[in-house]
Structures are given as C-alpha cells and as structure tokens.
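Top to bottom, those sequences are chains A and B.
To convert, take the position in the first sequence, counting from 1, and add 6; that gives this note's numbering.
To convert, take the position in the second sequence, counting from 1, and add 6; that gives this note's numbering.
Where is the CB? At the ideal position from N, CA and C, for every residue including glycine.
Protein chains: 2
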Amino acid sequence: MAPAPDGFARLFNPRAIAVIGASPDAARIGGQPIPILIESGFRGNVYPVNPKYPRVGELACYPDVAAVPKPCDLALIAVAAPLVPDLIAQCGRAGIPFAIVFSAGFREVGAEGAALEARLKEVIAASGVRVIGPNCIGTMNLVDRVYCGFGVGFRNPHLKLGPVALVSQSGGFAYSVVALADAEGLGFNYIVSAGNETDVTTLELAADFIERNEVEVLVLYVEGVSDGGRLRALGRRALELGKPVLTWKAGNSAIGRAAAESHTASMTAGYELYRAAFREGGFVEVNDVHDLVDISRAFLHRRLPRGPNIALITSSGGSAVLMADECDRQGLVLPRLSAATLEEMRKVAPKNCSLANPIDLTAQISGRNEDFNRVVELTLADPNIDQVIVRYGNVQGAVGEAWARQLAGLVGKTDKPLMLALGRVPDEAVAALKVLEDARVPWVLTPLRTAVAAGALHHYAEKQRRFRSASARGGGRPIARQALEFPSGAGRLSEHEAKRCLAAYGIPIAREVVLAPDEVAALRKAPLEFPLAVKIDSPDIAHKTEAGAVQLGIKDLAALKSAASEVVANARRHQPGARVNGVLLAEMVHGTEVIVGAVNDRFFGPVVMFGLGGVFTELLMDVTYRFAPFDAVTAREMIAEIKAAALLTGFRGSAPLAVDALADALARVSWLAADHAERIAEIDINPLFVNAAGVVAADALIVLKN
Amino acid sequence: MAPAPDGFARLFNPRAIAVIGASPDAARIGGQPIPILIESGFRGNVYPVNPKYPRVGELACYPDVAAVPKPCDLALIAVAAPLVPDLIAQCGRAGIPFAIVFSAGFREVGAEGAALEARLKEVIAASGVRVIGPNCIGTMNLVDRVYCGFGVGFRNPHLKLGPVALVSQSGGFAYSVVALADAEGLGFNYIVSAGNETDVTTLELAADFIERNEVEVLVLYVEGVSDGGRLRALGRRALELGKPVLTWKAGNSAIGRAAAESHTASMTAGYELYRAAFREGGFVEVNDVHDLVDISRAFLHRRLPRGPNIALITSSGGSAVLMADECDRQGLVLPRLSAATLEEMRKVAPKNCSLANPIDLTAQISGRNEDFNRVVELTLADPNIDQVIVRYGNVQGAVGEAWARQLAGLVGKTDKPLMLALGRVPDEAVAALKVLEDARVPWVLTPLRTAVAAGALHHYAEKQRRFRSASARGGGRPIARQALEFPSGAGRLSEHEAKRCLAAYGIPIAREVVLAPDEVAALRKAPLEFPLAVKIDSPDIAHKTEAGAVQLGIKDLAALKSAASEVVANARRHQPGARVNGVLLAEMVHGTEVIVGAVNDRFFGPVVMFGLGGVFTELLMDVTYRFAPFDAVTAREMIAEIKAAALLTGFRGSAPLAVDALADALARVSWLAADHAERIAEIDINPLFVNAAGVVAADALIVLKN
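Structural data, given as structure tokens:
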C-alpha cells in the first residue's frame with residue numbers, strides 16, 4: 007500500500023488544525039501545540055477543542071470535535087490515553103482525515119496499555135482517519151512552516167530549511183539530532199516522530215518522502231520495523247531515484263535490543279537481516295550526528311563516483327597520511343595520476359613536493375591559490391581519478407571566497423565528486439563555505455570524516471551499479487518452480503526427503519537409497535559404491551550424530567549390515583517413539599565443507615545464509631546473508647564476502663574449487679526457499695562439500711511450518 | 007636519557023629569544039615570529055638577527071649571533087636550509103642552549119637534503135644546543151604565553167589554556183587539531199611541532215611533559231617513532247602516574263605508510279607493534295578531533311571506574327538504546343541495580359518508566375530535576391555500579407544551572423566517574439556546563455560519543471590494574487638465562503639445533519635424534535617409537551617440505567630407511583651445496599596446531615607472536631603480539647585474545663587443552679628471545695602442538711643476526 011505521492015499532503019500542510027485537549031496551561035502537553043503553531047508561522051486556522059474552556063488564549067474553544075468548523079484537515083490529540091479511541095472515532099465522523107496522537111500510555115506501558123492500543127487500532131481502521139502515534143511528539147514541516155508537536159524541540163522557529171527529511175522511532179532523540187545537525191549547518195524539510203506506529207508506520211512515511219522532489223536525502227532512526235519487505239522496497243526505490251536513505255539503526259546488541267523493546271516495544275528481526283537489507287538497497291548506515299551531517303552534505307553534491315579511484319590534494323602532510331589510511335579502510339584506491347597530468351602539474355607545483363597520490367603540495371603552496379586550483383583542475387581531468395578530496399588552508403575572508411569561487415567553477419565543469427576537508431573552525435571561512443554550499447560542493451569538518459564521506463559515496467555508487475546490473479539480468483531463475491509434496495502441519499522432513507527437495511531444484515546430492523532394516527539385512531551386494539555413510543532416516547530425529555544414528559566410511563557389506571542394525575537400535579533407544587522411514591545408505595563425498603542455510607524470517611521472509619563449516623561459522627561468525635531469491639551472480643558476491651573466501655578460490659597454491667557450481671547451488675537453494683516460502687520454515691545443508699569438480703550435499707534438514 | 011623534569015624549562019619559557027633570519031616582510035617565514043611573539047604576550051627580550059637590516063620593526067637588529075646580548079635562551083631559525091648547520095654552531099658558541107629550526111629542505115626532500123641533515127645532526131651534537139626541528143612550525147606555551155612559530159595556527163592569541171599538552175609530527179595538522187578542539191572547549195598548555203626530530207624527538211618531549219603537574223593529558227600525533235623502547239617506557243610511566251597518552255597514530259595502511267614516508271620520512275615499524283605498545287601502556291588511541299576532546303574531558307574528571315559495570319540514566323529511550331549498543335561494543339556491562347536501590351528509586355521515579363538498566367525515566371521526568379538527581383544519587387551509591395552516564399534534557403538557564411550544581415555535589419561525594427551526554431547544542435546550556443566544567447564533571451556532545459569515552463576510561467583502568475598486577479608479580483622469569491652456543495654470523499640454525507635452544511629453555515620438543523645417512527642405513531632397530539617423522543637436518547634448507555625433504559607417519563624400519571634415503575637425495579637435488587647435519591628422526595606428535603613466533607624488531611626489540619596454525623594465522627590474521635619477555639599470566643591474556651581461543655579452551659563440548667602448558671611455553675619463548683636478543687633475529691615454532699596433556703614443538707626455525 008504505497009501511498010500516492012500526495013497521500014500525506016494535508017497531514018503535513020493542513021488548511022486548519024483542531025487541537026483536542028487544548029489547555030491554557032503551557033506546562034501541560036495540551037497547552038503547547040497552539041503557541042508552537044503560532045510561533046512557527048502556521049497560516050491556517052487553529053481550533054482548540056476542550057469542553058472546559060470557552061476560549062484558549064485568543065482563540066474560541068470548541069466543546070467537541072463535531073463543533074469544529076470545516077474544512078479541518080488535522081487533529082492534534084493531547085488527552086488521557088483511554089479517551090483517545092473515542093476521539094479518533096469522532097474525528098472520523100467529523101471528516102478530519104489525519105490525526106497526530108501525543109498521548110502516552112499504550113503498549114509501551116505493559117499489558118493494559120497494549121489492550122487499549124489494540125482497541126485503538128480497530129477504531130482507527132473503522133474511522134478512516136490516518137493516525138501518527140500515539141506516544142509521539144509530533145511532526146514538523148519546514149517548507150510550509152507547520153510545527154505540530156510539543157516539547158523543547160519545537161521551540162526553535164529558526165531551524166534551517168534544507169533538502170533532508172527525517173523519520174524517527176524516538177521522538178526526543180530525533181529533535182536532539184535535528185538541533186545538533188542544524189548547528190552544523192544541515193537543513194531539514196520534514197521531521198516526524200512516528201511513536202508507536204499503530205497506524206502510519208515509519209516505512210510508509212519514508213516511502214512517501216522519498217518520492218518528493220524536495221527530499222534529496224532521507225534519514226531514518228530505526229529500532230525495528232515490522233515489515234522487512236517494505237524496508238527492502240524502500241531500498242530499491244532509493245537506488246532507482248539515486249537518493250540515499252541514511253539509516254541510524256539502534257538496538258543491535260543484546261542489551262540494546264532489550265532496551266529498545268522496553269522503549270517502543272518494537273518487534274525486531276536480528277541485526278544481520280537489517281544489514282543484509284541495508285547492503286542491498288540505497289541505505290547508508292550512520293552512527294552519530296556528524297556522520298549524518300557529513301554524508302548528507304556529500305550526497306547533496308548530486309554526483310556519484312564512477313569507481314573506487316580517489317585523489318587527495320593537500321597542503322599538509324599529516325592530513326594526507328590520515329586520509330590515505332581512512333581511504334584504505336573504506337576500500338578506496340589511490341592510483342597514480344597519468345603521465346600527461348603529472349607533466350602539466352609539475353609546471354605549477356612547488357619544487358620538492360610529492361605528486362604521488364596523495365598529492366602533498368606542502369606549506370609552500372600557501373598564498374598560491376591559482377596554482378593550487380590548477381592542480382585540482384588537472385586532477386579532476388585525469389582519467390585515472392573518479393573523485394577528489396582537497397584539503398587547503400587559505401580559505402579565510404575575501405581571498406578564500408575567491409578561491410572557493412574558482413574551485414566551484416572547476417567542479418562545475420566535471421561530473422566527478424569533489425569534497426573539501428576543512429580542518430579548521432567553520433567561522434573562519436564563512437564566505438568561502440557559503441560559495442561552496444551554493445554550488446553544492448560539499449565540505450566536511452575534519453580530514454578523517456571527509457574520507458569516510460567519500461567512502462559512503464563510493465559504496466552507494468557500487469550498490470547502484472550492482473542493482474542496475476541485477477535489474478538488467480532479470481530474475482536469473484535457474485529452474486522453473488517445482489511442485490513439491492510436503493506432509494501437512496509443522497515438523498521436519500527426514501534427511502532423504504529433504505535431499506529429494508534439493509535434488510528437485512537441481513542441487514547435487516550424494517547417491518543414496520533408503521532401505522527397510524530387513525532389506526539391508528537381506529542384501530547380497532551393496533546397492534552403491536563403498537565407502538558408504540549409514541544413517542537413520544527419520545523426520546523425528548534431528549540430531550542423528552548425538553543419537554548414535556550415523557556411521558561413516560563403511561567399507562564392506564558385513565560392516566554395512568552391522569552398522570545398519572546398530573544405527574536402528576541406537577535410534578530406537580534414543581527416541582523410542584520416533585517414526586523411522588528406514589536406513590539411509592549414501593556414498594561418501596569429500597571436499598571443503600560449507601554450510602548453506604535458509605530461514606523464513608517472520609519480518610523479512612526467506613533469507614539464505616552461507617559460510618564455511620565448523621569453527622568458521624560457529625566460532626568466527628564468518629557468514630553472509632542474502633534475501634531469496636537471487637541469481638548466481640549475487641551468489642558469487644556472497645562467496646567473495648566471507649573472510650575465508652580464499653579457502654574456496656585458492657589459498658597458498660591449493661587448487662581452486664568449483665565456485666561456479668557452489669554459486670549455482672546457492673541460487674537454487676534461494677529459489678527453493680522462495681518458491682515454497684509458504685511451507686518451508688528452514689533449510690540447513692550442513693555440510694555441502696565443495697571440491698574441484700562440483701558440489702554435493704552430504705546432509706540436509708528441512709523444517710516445515712503450518 | 008630521560009630529561010630532568012625541568013630539562014626543557016628554558017626552551018618553553020626563555021628569558022630572551024633571538025630570531026635568526028628575522029625579516030620585516032610578514033609574507034616571509036622570518037617575518038612572522040616577532041609579531042607573533044608580541045601578539046601572544048611574550049614578556050622577555052626579542053633579538054632580531056639579520057645582517058641586512060639595522061632594525062626590524064621597532065627592534066634593533068643584530069648582524070650575527072655572536073652580537074646577541076646575554077642571556078638568550080632560545081634561537082628561532084628561519085634561513086635557507088644550507089645555512090642552518092653553521093648557525094647552530096654559532097648558537098653553541100654564543101651559549102644559546104635551545105633552537106627551533108623552521109627551515110625546510112632536509113631529508114624530506116630527498117638524498118641531497120638527507121646529507122645536509124646528517125651534517126646538521128653532527129653539528130648539533132658538537133654544539134651542545136638542543137634543537138627542535140628542522141622542518142617544523144614551532145612551539146606554543148600557553149601557560150607563560152610564549153608562541154614561537156609561524157603560520158596561521160599561531161595567529162590565535164585567544165586559545166584556551168587547559169591541562170592538555172600536544173606533541174605532533176605534523177605541524178600544520180597539529181594546529182588545525184588545536185583550533186578545532188579549542189572550538190569544542192578543550193584547552194591546551196603546551197603544543198609542539200616536532201618536525202624532522204633530528205635532535206629532540208617526540209618521545210623525549212613526551213617524557214618531559216608527562217612529568218609536569220600541569221599536564222594531565224598528553225596527546226601525540228605520530229606517524230612513526232624510531233625508538234620503540236622509549237615509547238613503551240612512556241606507556242609504563244603514564245600508567246604509574248595515572249595520566250593518559252592520547253595517541254593519534256597515522257600511516258597504518260600500506261598507502262598511508264607510503265604517504266607518511268614521503269611526508270616526514272619516518273622510519274616505522276608495522277602498526278601491529280605500535281598497537282602492542284598501545285595496549286600494554288597508558289595509551290588511548292584516538293582517530294579524530296572529537297575523540298580527542300571527549301576522551302580528554304573524561305580523563306580530566308581524574309577518577310577511573312573500578313570495573314566494567316555502568317549505569318545509564320536517561321529521559322529519552324532512543325539515546326538509552328544507542329548508548330546500550332555502544333557500551334556493549336566497548337565491553338562495558340549494564341547490570342541490574344540492587345533490590346535496595348530499586349526500592350528507593352521507585353519512590354521518586356515516574357510510574358511506568360523502566361528502572362532496568364538503562365534507566366529510562368521518560369519525558370515524564372521533565373521539570374522534576376530533584377527526582378532525576380535522586381535517581382542519580384541512588385545509582386552512584388549502588389555497589390553493582392562502577393560508573394554512570396546521565397542524559398538529561400532540562401539543562402537550560404538558571405534551572406539547568408541549579409540542576410548541574412546539585413549533580414556536581416552528588417558526584418563530589420563519590421569516587422565513581424559520571425558523565426553527562428549532552429545531546430543538545432552547548433550554547434543552550436552554557437551556565438550548567440560551566441558548573442560541570444568547574445567541578446570537572448565531564449560532558450560529551452552526543453550519547454554515542456559519551457559511551458565511547460566511558461569505554462576509554464574502562465579500558466585504561468583495566469590496563470592500569472593489569473600493569474600493577476604485573477609489577478607486583480615481578481618479572482616472572484620461568485628459567486635462568488641459559489648459555490647457548492651459536493655459530494658466528496647471520497644465518498639459520500638447523501631444525502635440530504633450533505629445537506635444542508627451545509629445549510634449553512624448557513619448551514617441550516618431540517623426542518628426536520639426528521643420524522648420518524649411513525647410520526640410518528645400518529640401523530637394526532628404530533631408536534625411537536614409531537610412527538616417526540623423517541626430515542633433512544640442515545641450516546641451509548629453510549623450506550624442507552618444498553624440497554621434498556620431509557616424510558611423516560613412517561611406521562616401520564624398512565619404510566624409515568627408504569624415507570631417509572629419499573629425503574637426503576631430494577635435499578641434495580633441491581639444493582646441491584647445502585650443508586647437511588644428517589637425518590632428523592622425530593616421534594610424531596598430535597594436537598591442535600598453533601604458531602609461536604618471535605621477531606627482533608629493529609625499532610621495538612624482541613616481540614612474540616601467537617596464533618592458531620594455517621588459515622587462522624595466514625588468512626584470518628587472528629594473531630596477537632607481546633613484547634618479550636613476559637610471564638605466563640601475560641601469555642594467558644594473549645591466548646584469550648585471539649578470536650578462535652575457544653578452540654583451545656573448549657569448543658562445542660571438546661575437551662579443553664593444556665592452556666597452562668601453552669602459556670608457560672609462550673613465556674619461555676619470550677625469555678629465550680629476550681635473553682639472546684643480541685643474536686636471535688627470529689624464532690618460528692610452526693607448528694607447536696597443543697593437546698590435553700601439554701604442548702610439543704614439532705618444527706622450529708631460528709634465524710641469527712650478526
């Protein structure tokens with residue numbers, strides 16, 4: 007249900023606003039919205055609603071919602087929580103399409119509040135009113151100057167207007183962030199505290215904002231979202247539009263997650279799934295106010311680097327060293343400039359300075375602004391370079407302003423991003439920074455932070471290229487949807503049943519048969535080639551090894567028969583009531599062990615996990631995730647992402663393994679999980695053996711859901 | 007050569023200063039020091055020296071150094087590089103004890119400059135003058151108001167005085183950092199740009215500053231130091247004094263290191279050795295200006311937490327969640343408060359708020375400053391809590407000031423650290439912040455940064471405890487110095503010779519013998535128990551496996567004889583001239599493979615490396631370093647530090663291995679490396695097998711130096 011681009015237009019820019027629970031007492035929440043609306047410059051009518059008062063301030067007060075004049079597009083509700091549902095119903099009857107509920111006392115306070123919230127949700131649905139909150143502190147529209155909220159964050163009519171929108175699951179925190187970002191010079195246009203999201207969610211608002219032309223950067227403070235699919239859709243749309251969603255995700259550690267739950271009672275998936283969504287879509291994770299400011303500024307340049315190659319131009323060796331270190335951490339590359347560029351550069355660069363990248367023009371460049379900019383111009387023109395950071399000292403006063411104007415002119419002649427690492431107090435360079443800001447040339451306070459912002463541009467550009475390439479490739483379905491027969495109800499498949507599902511999707515499995523115990527006892531010759539694995543085949547025994555129901559490396563018929571009878575006896579002893587399909591005989595396979603898993607997350611749907619076996623996965627957590635389905639190209643990215651990838655692609659002279667076959671298998675698992683997401687809760691292939699010739703699943707588990 | 011505490015007194019606070027190369031032209035470097043000295047408030051005499059001018063500004067100018075009146079404690083030198091050595095010699099003859107050389111054109115510009123610098127170094131030594139620079143921008147003493155330098159960084163007479171000293175290997179960068187930190191309210195007392203450090207080094211200055219009472223925090227910007235031992239000594243002294251050395255280390259990536267070399271031509275060890283020094287001593291690594299400001303403020307509180315337990319008290323759920331996440335990353339723990347504390351707290355806390363830690367008093371606490379502070383008081387008194395962060399909104403104006411005064415009073419009654427996470431623009435809370443600053447209660451701009459600073463206090467306190475415990479334990483030498491006989495000159499020992507060195511230090515090795523090839527051929531029975539390893543024993547063949555000179559798992563005498571002759575033949579074919587001591591027969595040993603190495607770093611001396619074998623060390627870089635020698639307690643810390651430590655201490659029900667024996671072996675290797683640092687360049691035990699009973703070295707290499 008993506009809203010139309012103007013779906014929330016009258017919420018943020020209402021013709022008139024009713025304040026329900028209005029009070030003359032500014033210490034009460036109901037006493038604050040009216041002065042704030044007036045102070046912020048709201049030009050529509052404001053209608054206080056409260057049966058207790060004939061007037062509130064200078065305004066006539068209405069006894070109830072029905073008495074409010076029409077048209078009224080928005081109700082601000084500041085009454086005791088138990089009264090809220092009925093008031094929403096009244097708004098519905100009065101034809102008020104939007105409400106913002108400040109009242110607290112819903113699910114964030116426990117079971118009683120949760121029951122009240124459930125009732126509120128029903129009333130909202132029946133009323134047709136779209137509701138922000140409850141338990142929120144309000145919204146700001148700086149374009150049309152409409153502040154609808156309470157608290158100190160709204161007593162700031164001089165906030166700077168700019169092309170950044172913010173939606174936050176924490177109200178107090180959001181307005182603290184806005185105040186700090188404003189002090190660093192970043193301007194916002196829309197700010198929303200989403201509260202409990204009983205009706206309108208953070209993601210619905212985000213989907214609205216990202217379509218607005220005036221929103222160039224979207225910032226989300228998120229503790230958890232209930233719809234992973236919508237989060238992913240937002241990420242895709244962001245990449246299509248080339249807009250970044252700066253995402254400040256909190257509640258990621260166990261203790262932070264517990265705190266988040268007590269805070270807004272968010273139901274949340276594991277952080278690793280959020281990260282998978284962030285990596286795939288147009289998101290940029292931020293962790294503090296300065297990240298938000300720097301990276302917003304970088305994107306407001308409205309250009310992205312074509313590749314990882316960056317040039318650093320400085321007059322201070324120390325900042326060159328620091329930025330080079332950070333560029334390395336960011337995966338940026340500092341190539342040499344072309345010979346032609348260097349030849350031209352030598353004509354203007356101070357002698358004895360280093361023109362290797364970083365280009366350190368040293369303090370000798372002081373006062374030679376034209377020469378400095380000539381070096382910048384040559385660097386921007388160099389085909390080896392995708393983006394540029396300059397760090398320069400002569401930025402004060404009129405001289406700095408002239409320098410900045412010339413620099414902005416040079417930047418305007420290219421489509422490559424360029425940022426200034428300021429490295430001084432902004433007050434000393436006001437004129438120059440104004441020129442750069444008008445020209446949308448980003449500046450960042452410190453060299454390190456500049457390199458971080460350059461990294462963010464690069465990573466975003468890479469994601470956009472990957473996204474476009476994946477879109478061009480299409481779905482990459484390696485096999486048509488296969489009909490599979492599953493038993494009804496929740497439960498497990500036996501190993502053999504699970505492997506038949508894999509085989510149906512073209513995932514190689516070991517050659518195997520299931521025989522009844524007496525069939526094994528009667529065998530004259532082995533049905534498969536030795537050595538064999540002998541296991542119980544039962545949907546009820548998940549941990550076969552612990553049950554003593556696995557024997558490996560069986561080399562002859564006699565050993566096979568004795569292994570089979572032991573396996574059956576052990577299984578029956580371990581779990582007397584277990585259903586047993588028979589004895590599974592499988593040819594032994596070899597190679598490097600990897601694990602391929604899929605879980606059907608309640609928030610994100612099916613997601614595939616990949617890692618090397620044993621300690622790599624369980625101790626070192628060297629695993630990676632992708633949402634299903636995906637194609638083999640994406641699977642190759644997964645394989646390349648794990649730290650121990652060299653063990654598959656060739657390490658210390660060992661032969662490379664069949665990585666293409668592995669990627670194909672990963673993609674097929676993703677389609678199996680996606681095609682049958684209605685029934686498959688979990689897939690676990692552990693181990694999948696990878697060798698030089700291909701891959702083979704040696705064990706498999708599939709868990710079904712209702 | 008640690009200087010006496012007042013060794014540099016007259017450098018920073020001279021009675022009179024000669025400015026050599028003084029000029030009336032402010033665009034020249036020589037034209038800047040005199041106006042800067044006057045502007046900064048220097049009260050001593052200033053003597054321009056330049057044969058070209060009779061006066062410079064209002065001051066009489068002297069034709070040469072010899073003509074300068076006595077006493078003159080400091081010369082500032084701003085002349086062409088080739089003239090510098092002779093001028094230093096003149097200073098020496100004139101009895102001027104200190105000089106600061108601004109001139110560039112030494113080793114930073116290549117071979118010719120390096121030769122000039124070598125000559126300068128000789129002249130300095132002969133002259134007795136102590137010299138800062140060359141290629142530096144100067145020093146500042148804000149206590150006595152003496153600015154000796156040039157450039158925009160010195161045109162700031164209003165820098166705030168505070169208890170922080172800074173020594174930097176990058177001049178321009180240092181003064182940029184100071185300006186930015188000053189804007190965030192941090193004050194400095196001494197600032198030095200160390201330049202090429204031809205005479206006085208960063209570490210000599212650091213050793214001086216850390217002893218000064220007025221220096222409570224020392225900041226170093228370092229690209230590389232030439233004396234690792236002195237760096238380590240500084241770290242120990244810092245822990246003894248309880249002062250932090252905030253270390254901003256740049257040039258750590260390959261590209262950054264290359265940039266650092268072109269910048270100041272620093273010779274540097276690998277970053278991992280710096281990190282080992284930082285981890286051991288009173289260093290705190292910082293990466294940007296805000297780290298520096300926040301962590302300095304945290305330490306100026308002059309109290310350290312007794313343990314990892316922290317309480318967060320907020321009125322905003324969002325900031326609670328963010329801080330909880332960061333505390334988790336920092337290794338801080340959020341315990342529940344005691345039952346008694348909670349009982350008292352419930353009397354004042356708003357209903358429905360969460361008193362689990364983080365304590366979220368919600369927006370309902372607004373205006374109830376006394377109740378908020380009562381919660382703080384109870385938390386500080388709780389025995390489960392070692393330090394506290396508060397995040398509170400009501401900090402404006404007189405109300406905020408009163409709140410801050412009460413808070414400071416509560417903090418003054420305990421010895422636990424408490425920090426305020428401000429979360430708003432400081433201008434809005436000027437009065438409250440002044441109260442806190444006067445009381446040395448730290449405040450930090452954002453919640454995340456506050457949690458980072460709390461983590462820094464905790465890590466420092468832990469290091470101090472470890473240091474004190476190690477000092478109390480003494481050296482922990484597990485074995486007296488053993489005399490070892492080494493062949494003269496650089497080269498390798500054979501495996502057997504290397505293992506005899508290990509055995510001399512009590513490190514268990516496999517039972518083994520070396521026999522001549524014909525002795526093996528004549529054997530009637532094996533001299534050791536099968537299975538055996540058979541290898542060539544030669545100081546010349548480093549890579550035995552590649553030479554085909556190793557056979558493992560030999561099970562009987564016939565196989566032994568054939569293996570021995572193959573190994574010898576292969577070795578001779580692989581490297582015809584190699585010296586061969588014989589055939590090494592060794593009993594096969596088993597267990598988990600680890601690697602123990604030692605290198606004798608030219609900057610840091612002997613250092614021991616530990617990691618698990620194979621991919622863990624070579625691909626995942628899961629290794630740790632300690633300087634030799636150390637005791638088994640420190641070795642246990644090393645073992646616990648690697649990510650895959652659980653493979654040794656017990657993983658998924660596997661039996662724990664003999665970690666004590668491993669720790670003992672590590673300590674013994676460290677003593678071997680330290681006792682024989684004059685000859686041993688490198689030790690490599692790969693693998694050392696660890697099993698449930700103990701450890702055994704299965705292969706060993708020792709490389710000698712001249």
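- By the rule that beta-carbons nearer than 9 angstroms mark a contact, L340 of chain B touches chain A.
- The residue from B:I601, B:C359, B:C78 and B:V394 with its alpha-carbon nearest to that of P103 of chain B is B:C78.
- Across the structure, R530 of chain B and R472 of chain B are spaced so that their CA atoms are roughly 57 angstroms apart.
- The CB of D331 of chain A comes closer than 8 angstroms to the CB of A256, G257, N258, S259, I261 and G262 in chain B, given here in chain order.
- The CB of E229 of chain A comes closer than 9 angstroms to the CB of G323, G324 and V327 in chain B, given here in chain order.
- For A189 of chain B, the residues of chain A that pass the 7 angstroms Cβ criterion are V431, in the order they occur in the chain.
- Secondary structure at A24 of chain B: strand, using DSSP grouped into helix, strand and coil.
- For the segment 611 to 622 of chain B, the beta-carbon criterion of a distance under 8 angstroms to any beta-carbon of chain A is satisfied by V621.
- Contact annotation: T598 of chain A and L618 of chain A have beta-carbon atoms nearer than 9 angstroms.
- Rounded to the nearest whole angstrom, the CA to CA distance from A15 of chain B to L80 of chain B is 11 angstroms.
- For the segment 565 to 625 of chain A, the full-length beta strand (DSSP E) segments reaching 3 residues or more read 588 to 593, 598 to 607 and 611 to 618 along the chain.
- Contact residues of the segment 289 to 302 of chain B toward chain A are N293, D294, V295 and H296 (C-beta to C-beta distance below 9 angstroms).
- Under the DSSP assignment, Q470 of chain A falls in the alpha helix (DSSP H) whose first and last residues are P453 to R479.
- For the options B:H596, B:D607 and B:G47, the alpha carbon positioned closest to that of V701 of chain B is the one of B:H596.
- Chain-ordered, the chain A residues with CB closer than 8 angstroms to the CB of L454 of chain B read N293 and D294.
- By the Cβ criterion, the segment 334 to 344 of chain A is not in contact with the segment 412 to 420 of chain A, since fewer than three pairs of Cβ atoms, one from each stretch, lie closer than 8 angstroms.
- Neighbours of S176 of chain A across chain B, judged by C-beta separation under 7 angstroms: S322, G323 and G324.
- G656 of chain A counts as exposed, since fewer than 16 other beta carbons sit within 10 angstroms of its beta carbon.
- When the Cα atoms are used, Y153 of chain A and N147 of chain A turn out to be separated by approximately 6 angstroms.
- Inclusion of E217 of chain A and L247 of chain A in the CB contact set at 9 angstroms is warranted, their separation being smaller than that value.
- Counting along the chain, the unbroken alpha helix (DSSP H) around L93 of chain B starts and ends at V90 to A100.
- Under the Cβ distance rule, E599 of chain A does not count among the residues neighbouring chain B, no pair being separated by less than 9 angstroms.
- For E291 of chain A, the enclosing beta strand (DSSP E) starts and ends at F289 to E291.
- Interface residue (Cβ-Cβ distance to chain B less than 9 angstroms): T368 of chain A is classified as such.
- For G399 of chain A, the residues of chain B that pass the 9 angstroms Cβ criterion are G157, V158, G178 and S182, in the order they occur in the chain.
- Between V696 of chain A and A664 of chain A, the beta carbon gap of about 6 angstroms places them in contact (Cβ cut-off 8 angstroms).
- Listed along chain A, no residue sits closer than 9 angstroms to V107 of chain B by beta-carbon distance, the nearest being about 15 angstroms off.
- Within the segment 649 to 663 of chain B, those residues whose Cβ lies closer than 8 angstroms to any Cβ of chain A are, in chain order, K649, A650, A652, L653, F657 and R658.
- Closest in alpha carbon position to V605 of chain A, among A:M594, A:F633, A:S500 and A:V354, is A:F633.
- R397 of chain B is bridged by DSSP to B:T320 and B:A427.
- Put simply, the segment 288 to 300 of chain B does not touch the segment 349 to 368 of chain B. Fewer than three CB pairs are less than 8 angstroms apart.
- Short of 6 angstroms from the beta carbon of L384 of chain A, and not among the five residues preceding or following it, lie these beta carbons of its own chain, in chain order: T347, E350 and M351.
- In its chain, beyond the 5 residues on either side, C507, A510 and H682 have a beta carbon closer than 7 angstroms to the beta carbon of L490 of chain B.
- Per DSSP, reduced to three states, the secondary structure at A553 of chain B is coil, with no helix or strand assignment.
- According to DSSP, residue pairing for Y53 of chain A in a beta bridge involves A:A24.
- Residues of the segment 112 to 124 of chain B with a C-beta atom less than 9 angstroms from some C-beta of chain A are E114, V115, G116 and G119, listed in chain order.
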